[in-house]
Amino acid sequence: MPDKEAETPSTADDSLVAHSLWEAKWIVAIWCIAFLWVVGYCIGFGYGGEGQPIPTVWGMPAWVFWGIALPWGVAAVVSSWFALACIADEPLSRERVTGDWASTNEADVEQRQDG
Amino acid sequence: MAEGSNAALITFLVYTAAVFLLAMWSNRFAKGKEFAGEYFLGSRSFGVWAFALTFAATNASGGSFMGFPALIYTHGWSLALWIAGYMMVPLVSMALIGKRLNQVARECDALTIPEVLRGRFDSPYTGLVATTLLIFFMFFYLLAQFKAGGKILSTLFAGEPAFQWAVAGMSRLVADIPWMNQAEPDYLVCVVVFSAAVIGYVVYGGFRAVVWTDVMQGIVMFVGVVLMLGLALQQVGGLGQATAQMAEMTPPEHGVGVLRISSAQAQDTTIVKGSWVIDQTLVARVAESVVIPSGAIRSRQVALLRITTPAEQQRLRDDVVDGNIAPSSVSIDEAKWTRYEYGADQPGVYLTNPGPSPTSGIGFLSIGLAISFFIFWPFGATGQPSNMIRLLSFKDTKTLRYSVVTVVVYYSIIYFSLVVIFCCARVLMPGMEIDPDRTMPDFATRLTSNVGMPWLAGLLVAAPFAAVMSSVDSFLLVVSSAVVRDVYQGFINRHASQRRIKQLSYSVTVIVGVLALLFVIHPPRYLQDLIVFATGGLAACFLVPMTLSLYWRRMTAAAAVAGMLGGTVTHLVLTCWGYWHLGAFAAYEFLGLNPFLWDLAGSIGACLLVAMLGPPPNAKLVDRFFKAAAISPRR
Numbered sequence: 065m066p067d068k069e070a071e072t073p074s075t076a077d078d079s080l081v082a083h084s085l086w087e088a089k090w091i092v093a094i095w096c097i098a099f100l101w102v103v104g105y106c107i108g109f110g111y112g113g114e115g116q117p118i119p120t121v122w123g124m125p126a127w128v129f130w131g132i133a134l135p136w137g138v139a140a141v142v143s144s145w146f147a148l149a150c151i152a153d154e155p156l157s158r159e160r161v162t163g164d165w166a167s168t169n170e171a172d173v174e175q176r177q178d179g
Numbered sequence: 327m328a329e330g331s332n333a334a335l336i337t338f339l340v341y342t343a344a345v346f347l348l349a350m351w352s353n354r355f356a357k358g359k360e361f362a363g364e365y366f367l368g369s370r371s372f373g374v375w376a377f378a379l380t381f382a383a384t385n386a387s388g389g390s391f392m393g394f395p396a397l398i399y400t401h402g403w404s405l406a407l408w409i410a411g412y413m414m415v416p417l418v419s420m421a422l423i424g425k426r427l428n429q430v431a432r433e434c435d436a437l438t439i440p441e442v443l444r445g446r447f448d449s450p451y452t453g454l455v456a457t458t459l460l461i462f463f464m465f466f467y468l469l470a471q472f473k474a475g476g477k478i479l480s481t482l483f484a485g486e487p488a489f490q491w492a493v494a495g496m497s498r499l500v501a502d503i504p505w506m507n508q509a510e511p512d513y514l515v516c517v518v519v520f521s522a523a524v525i526g527y528v529v530y531g532g533f534r535a536v537v538w539t540d541v542m543q544g545i546v547m548f549v550g551v552v553l554m555l556g557l558a559l560q561q562v563g564g565l566g567q568a569t570a571q572m573a574e575m576t577p578p579e580h581g582v583g584v585l586r587i588s589s590a591q592a593q594d595t596t597i598v599k600g601s602w603v604i605d606q607t608l609v610a611r612v613a614e615s616v617v618i619p620s621g622a623i624r625s626r627q628v629a630l631l632r633i634t635t636p637a638e639q640q641r642l643r644d645d646v647v648d649g650n651i652a653p654s655s656v657s658i659d660e661a662k663w664t665r666y667e668y669g670a671d672q673p674g675v676y677l678t679n680p681g682p683s684p685t686s687g688i689g690f691l692s693i694g695l696a697i698s699f700f701i702f703w704p705f706g707a708t709g710q711p712s713n714m715i716r717l718l719s720f721k722d723t724k725t726l727r728y729s730v731v732t733v734v735v736y737y738s739i740i741y742f743s744l745v746v747i748f749c750c751a752r753v754l755m756p757g758m759e760i761d762p763d764r765t766m767p768d769f770a771t772r773l774t775s776n777v778g779m780p781w782l783a784g785l786l787v788a789a790p791f792a793a794v795m796s797s798v799d800s801f802l803l804v805v806s807s808a809v810v811r812d813v814y815q816g817f818i819n820r821h822a823s824q825r826r827i828k829q830l831s832y833s834v835t836v837i838v839g840v841l842a843l844l845f846v847i848h849p850p851r852y853l854q855d856l857i858v859f860a861t862g863g864l865a866a867c868f869l870v871p872m873t874l875s876l877y878w879r880r881m882t883a884a885a886a887v888a889g890m891l892g893g894t895v896t897h898l899v900l901t902c903w904g905y906w907h908l909g910a911f912a913a914y915e916f917l918g919l920n921p922f923l924w925d926l927a928g929s930i931g932a933c934l935l936v937a938m939l940g941p942p943p944n945a946k947l948v949d950r951f952f953k954a955a956a957i958s959p960r961r
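See below:
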């Protein structure tokens with residue numbers, strides 16, 4: 065005689081959906097920070113100045129270093145950290161429930177009980 | 327030059343042989359596996375290196391290695407801001423939807439992007455709309471890349487005797503064939519060779535061949551860029567030196583004039599494209615080859631480029647760095663010069679934004695465009711079906727996570743290095759404004775010749791070739807999978823046999839490739855604009871509907887269709903407006919913003935409106951895709 069395990073539709077949300085949504089929100093937040101830094105700095109310090117001496121850092125215009133090269137390095141570190149430490153590892157294949165959920169499972173239960 | 331061309335030919339042949347070997351290996355690997363899953367998705371089995379490099383290489387197309395260097399050379403350091411959005415491309419385009427898309431695709435047993443949408447909403451017509459729009463935009467993209475491949479090869483082989491022989495043969499072959507006999511024979515040879523190679527290995531090897539050739543191509547691109555960076559910095563004397571010299575530069579002037587020789591000759595006098603005409607008052611470069619017939623002393627009107635920076639003029643008087651010097655008897659008459667619309671006579675314009683522009687009074691990169699591109703690069707990449715299809719292929723989440731790190735490092739090194747390399751090219755190789763697309767191959771040849779390693783030029787020039795191939799093979803497979811899987815299997819013959827699917831897959835890939843080849847025999851003038859049109863259109867069409875389908879329970883089939891059509895229609899309207907307003911095939915930049923932003927707005931608006939006003943989605947579908955898997959009974 066088979067164990068009588070209760071057959072109830074799952075009401076819990078798929079954890080992968082919840083995790084992915086949380087990760088997506090943080091990815092957009094990181095992008096926003098990068099956007100504000102890069103675009104904000106470059107608009108403030110990277111436009112105009114033709115005909116005047118342009119300061120340089122490590123051989124490149126200073127606005128390129130502070131407004132693009134440095135944030136690029138930071139973005140690389142943050143992206144890598146986020147990917148390695150914050151994105152959850154979880155199974156990608158879900159258990160299949162084909163057709164109408166209730167009837168499939170009722171049939172399934174009857175078949176196992178008969179079998 | 328001949329030695330360099332020989333090296334380039336040898337490199338190309340070795341490279342193509344390696345590509346075909348990979349295709350053969352992939353074909354053997356596929357035996358015994360379910361055909362469609364293996365041919366279109368490699369059985370979802372790829373690990374970190376394969377997944378990371380196929381993703382990176384597919385994104386880095388011919389534009390990255392031909393168009394981008396040309397832009398850097400022409401506009402200077404402002405290209406660093408233009409490309410800066412790439413710092414977020416790996417994290418956004420791979421991790422924003424990657425995990426969830428892979429899960430939903432497995433749940434639907436989907437091998438293509440339209441199939442994901444069809445399965446998510448249990449709606450064949452949503453899939454059909456997606457397929458139609460995908461094929462429409464991807465075909466334009468394919469045309470542009472085929473042309474780029476042909477152009478790169480014609481640059482690679484110029485001067486090679488075997489190539490000249492093939493060109494002569496092609497001229498004779500097509501002399502009596504209408505349409506084909508009007509194409510340039512050297513370009514025709516190259517585009518046929520390129521198409522045959524790509525179609526061959528894609529047909530034979532499928533997705534697995536595409537991925538493994540992407541791995542090889544990704545390595546070639548990376549090695550090529552790193553080598554060029556080292557050579558460029560060494561030869562210019564350091565980045566500081568390059569920047570200091572760029573600080574003195576003022577933009578050149580384009581013009582037209584007549585070339586005159588001091589006395590008539592008994593034979594024709596040929597002045598090849600790229601020749602320098604130098605005297606005490608003028609340093610100019612000939613932008614097109616011209617012949618002064620025997621007995622004459624003047625040529626027809628030709629395009630010219632005048633160097634305006636005094637220090638550059640003096641360096642060229644002392645030592646011409648690239649190209650020939652026209653005979654000292656040649657001078658320029660009746661010249662009319664056109665100054666740059668922005669940056670003319672302004673030292674330092676190459677070091678700052680918006681950068682010089684020959685055609686725009688507000689410079690190359692306005693503030694609105696800078697904002698737009700930082701949004702476009704990462705989110706546009708997320709919406710590309712060729713990227714999304716790769717997100718279906720990784721085998722587990724660990725692969726995704728480590729691949730993000732790999733692509734972060736890859737793009738950081740490649741893209742910023744390209745900016746540095748081609749700023750150095752501006753200093754070392756003046757006058758490339760006559761043909762900016764040649765900047766990459768010509769600079770590679772120059773750098774390697776200067777260190778006595780001309781054979782290395784073949785490897786370096788293989789980098790843009792690899793970039794184009796890695797994009798073309800992906801696009802070709804995306805289009806053929808859409809036709810076979812989404813149209814044929816979806817609507818015509820759902821229970822087609824493996825053999826039938828195999829035959830169709832091979833046939834459709836060949837047909838699509840041949841059609842693309844025929845369309846680019848006479849490449850449309852605005853092909854680069856077509857790339858922008860196709861890229862923007864694909865992102866506008868798929869980004870919002872797919873993202874909302876993955877994460878929003880309230881999303882419906884009708885809203886997905888509305889979102890796809892909303893983005894597409896907005897994109898088409900702005901393109902037509904741009905054509906009417908500018909007379910060129912380019913979307914109108916409403917309020918100075920990249921059209922992509924408006925396309926997204928159109929797509930989001932349509933999705934939300936239809937979803938909120940229409941009936942709610944099927945509850946069973948919502949449970950299937952958003953609830954945890956059901957508990958099965960145990961014995």
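Chains as they are written, first to last, in this note's numbering: chain Z, 65 to 179; chain E, 327 to 961.
Just so it is clear, CB atoms sit at the ideal spot from N, CA and C, and this is done for glycine as well.
Could you give the DSSP three-state label for residue i: helix, strand or coil?
i, result
"A509(E)", "coil"
"R727(E)", "helix"
"A93(Z)", "helix"
"K953(E)", "strand"
"P135(Z)", "helix"
"P119(Z)", "coil"
"V656(E)", "strand"
"M547(E)", "helix"
"V617(E)", "strand"
"S625(E)", "strand"
"L914(E)", "Checking the displayed sequence, the identity of residue 914(E) turns out to be Tyr instead of Leu. Three-state DSSP puts Y914(E) in coil, outside helix and strand."
"L437(E)", "coil"
"R820(E)", "coil"
"F520(E)", "helix"
Which same chain residues, not among the five before or five after residue i, have their C-beta less than 6 Å away from its C-beta?
i, result
"V121(Z)", "F129"
"T342(E)", "A523"
"F447(E)", "A883"
"V345(E)", "Y527, T539"
"I409(E)", "Y741"
"C516(E)", "G476, L479, S480"
Using CA atoms only, rank isn't needed, just tell me which of the options is closest to residue i.
i, options, result
"I747(E)", "S352(E), Q471(E), Y399(E), A349(E)", "Y399(E)"
"V962(E)", "L869(E), S806(E), I739(E)", "Residue 962(E) lies beyond the range of chain E shown here (327 to 961); nothing can be said about it."
"F472(E)", "P450(E), M755(E), A842(E)", "A842(E)"
"V609(E)", "A661(E), T569(E), S588(E), Q561(E)", "A661(E)"
"L585(E)", "A592(E), P673(E), I597(E)", "I597(E)"
"L874(E)", "G863(E), M890(E), S719(E)", "M890(E)"
"R766(E)", "W781(E), L407(E), C749(E), D644(E)", "This sequence places Met at residue 766(E); Arg is not what is there. Comparing Cα positions, the closest option is C749(E)."
"P395(E)", "R764(E), V455(E), V813(E), G531(E)", "R764(E)"
"V519(E)", "L934(E), Q429(E), S497(E), A492(E)", "A492(E)"
"P125(Z)", "G402(E), D512(E), V895(E)", "G402(E)"
So, at 7 Å on beta carbons, what are the nonlocal neighbours of residue i in its own chain, with the 5 sequence-adjacent residues on each side left out?
i, result
"Q606(E)", "none"
"Q175(Z)", "Caution is warranted here: a pLDDT of 42 is assigned to Q175(Z), below 50, making its placement in the model unreliable, and no coordinate value can be reported."
"V735(E)", "none"
"R665(E)", "E579"
"V529(E)", "Y832, T835, V836"
"I604(E)", "L642, R643, I651"
What is the C-beta distance between residue i and residue j, in whole angstroms, given that I count them as a contact (C-beta under 8 Å)?
i, j, result
"L754(E)", "L557(E)", "So it is not a contact: roughly 10 Å between Cβ atoms."
"S686(E)", "L923(E)", "With 8 Å as the limit, S686(E) and L923(E) do not qualify as a contact, their Cβ atoms being about 19 Å apart."
"V628(E)", "V612(E)", "6 Å"
Report the partner residues of residue i according to the DSSP bridge assignment.
i, result
"W663(E)", "G581(E)"
"V603(E)", "A610(E)"
"P125(Z)", "T120(Z)"
"N679(E)", "Y111(Z)"
"L630(E)", "G581(E), V612(E)"
"T596(E)", "V617(E)"
"Y668(E)", "S683(E)"
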